[in-house]
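Visitor:
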Amino acid sequence: MDVITQNTIAHVIEATMKAKDPYTVQHQQRVTQIALSIGEKMDLSGDTMAKLRIAGTLHDLGKISVPTEILVKPGRLSDLEFSIIKTHPMVGYDILQPLELSQLTTQIILQHHERWNGSGYPHGLSGGNILLEARILGVADVVEAMAADRPYRPALGIDKALEEVSRNKGILYDPRVAEVCVQLYAESKLDILKTKWAMAH
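Per this note's numbering, residue 650 is the first one in the sequence shown, and the count goes up by one each step.
Structure (structure tokens):
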């Protein structure tokens, strides 16, 4: 399946998600822009960037199976509730299997909550066993989630998000990816890159 057709499918799925959960779709769009900005800074190939774009656009597709009351619950989740949340990468991966998306694209989605030290999910992968693109998407996901408003709390702000990434580089996050992300914000380049990628989207 060519990239144009894959993009079309991604947009159809995104529109379907938006009908139920417009917040998650907005989150995915912002995460994708951040991830692509990091990917460009790291000189990823055009083909890899295209797959990263689709993976970013659909990375939270699996949350369609999570009850809304859990997704928007203020405060700490119970162990059971968090275990349900943790199913979403696998659910998204499974939903996409009948489509002719590349294995790289679906594996990025599956792995975007894996962490550098092996503490992530669903498979507890660590270090270089996690796809670079998934490591990029994971950092972008954390930054957007902290910097933007969530349904259950106000935004914590970009400073807190970058502090989280910096403090945990080499622990939770790929150190190179974390450094590139922080550098983009320090150089005030991310907004420029986000605008460019948003126009291309």
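All residues carry an ideal CB built from backbone N, CA and C; glycine is no exception.
The structure displayed is predicted, hence computed values, not measured ones.
Assuming contact is defined by CB atoms lying nearer than 7 Å, are I744 and V715 in contact in what I supplied?
Guide: Taking 7 Å as the Cβ cut-off, I744 and V715 do not qualify as a contacting pair.
Visitor: Along the chain, where does the alpha helix (DSSP H) that runs through D709 open and close?
Guide: Segment: none, D709 is in no alpha helix (DSSP H) and carries neither H nor E.
Visitor: Going by DSSP, name the residue or residues bridged to Y822.
Guide: Note: Y822 sits in a beta bridge opposite K818.
Visitor: Alpha carbon to alpha carbon, how far is I687 from Q760? Give it in angstroms, no decimals.
Guide: About 17 Å.
Visitor: Apply the 10 Å Cβ neighbour rule to A865 and answer buried if 16 or more other Cβ atoms are within range, or exposed otherwise.
Guide: Outside the displayed range of the chain (650 to 850) lies residue 865, so it cannot be described from this structure.
Visitor: How is R679 classed by DSSP in three states: helix, strand or coil?
Guide: Reduced to three states, the DSSP call for R679 is helix.
Visitor: The alpha helix (DSSP H) with R784 in it runs from where to where?
Guide: First-last of the alpha helix (DSSP H) with R784: L781 to A796.
Visitor: Going by C-alpha to C-alpha distance, which of A810, H772 and R825 sits closest to H737?
Guide: The option with the nearest alpha carbon to H737 is H772.
Visitor: Could you tell me whether the Cβ atoms of A684 and I807 are closer together than 7 Å?
Guide: In this structure, I807 does not lie closer than 7 Å to A684 by Cβ.
Visitor: If you follow the alpha helix (DSSP H) that G741 is in, where does it begin and where does it stop?
Guide: Note, G741: alpha helix (DSSP H), H737 to L745.
Visitor: Going by DSSP, what residues sit across from R799 in a beta bridge?
Guide: According to DSSP, which records beta bridges pairwise, R799 is partnered with R802.
Visitor: Where does G787 land, buried or exposed, given buried means 16+ other C-beta within 10 angstroms?
Guide: Looking at its Cβ environment, which holds 16 or more other Cβ atoms inside 10 Å, G787 is buried.
Visitor: DSSP on V661, reduced to helix/strand/coil?
Guide: Here V661 sits in helix by DSSP.
Visitor: On the CB-based measure, 16 or more other CB atoms within 10 Å of its CB, does R725 come out buried or exposed?
Guide: Exposed: under 16 other Cβ atoms inside 10 Å.
Visitor: Quick check on DSSP: helix, strand or coil for N656?
Guide: Three-state result, N656: helix.
Visitor: Using DSSP with H/G/I as helix, E/B as strand and the rest coil, what is E812?
Guide: E812 falls in the helix class under three-state DSSP.
Visitor: Rounded to whole angstroms, what's the CA-CA distance from Q752 to K722? Just pull it up for me.
Guide: Taking the straight line from one Cα to the other gives about 33 Å.
Visitor: Would you tell me roughly how many angstroms separate the C-alpha atoms of Q832 and T754, rounded to the nearest one?
Guide: Roughly 26 Å separates the two Cα atoms.
Visitor: Less than 7 Å between the C-beta atoms of G711 and G741, yes or no?
Guide: Taking 7 Å as the Cβ cut-off, G711 and G741 qualify as a contacting pair.
Visitor: Just the Cα atoms here: how many angstroms apart are K735 and Q675?
Guide: Using only the alpha carbons, I get a separation of about 20 Å.
Visitor: Whose CA, out of Y672, V791 and E782, lies closest to the CA of D692?
Guide: It is E782.
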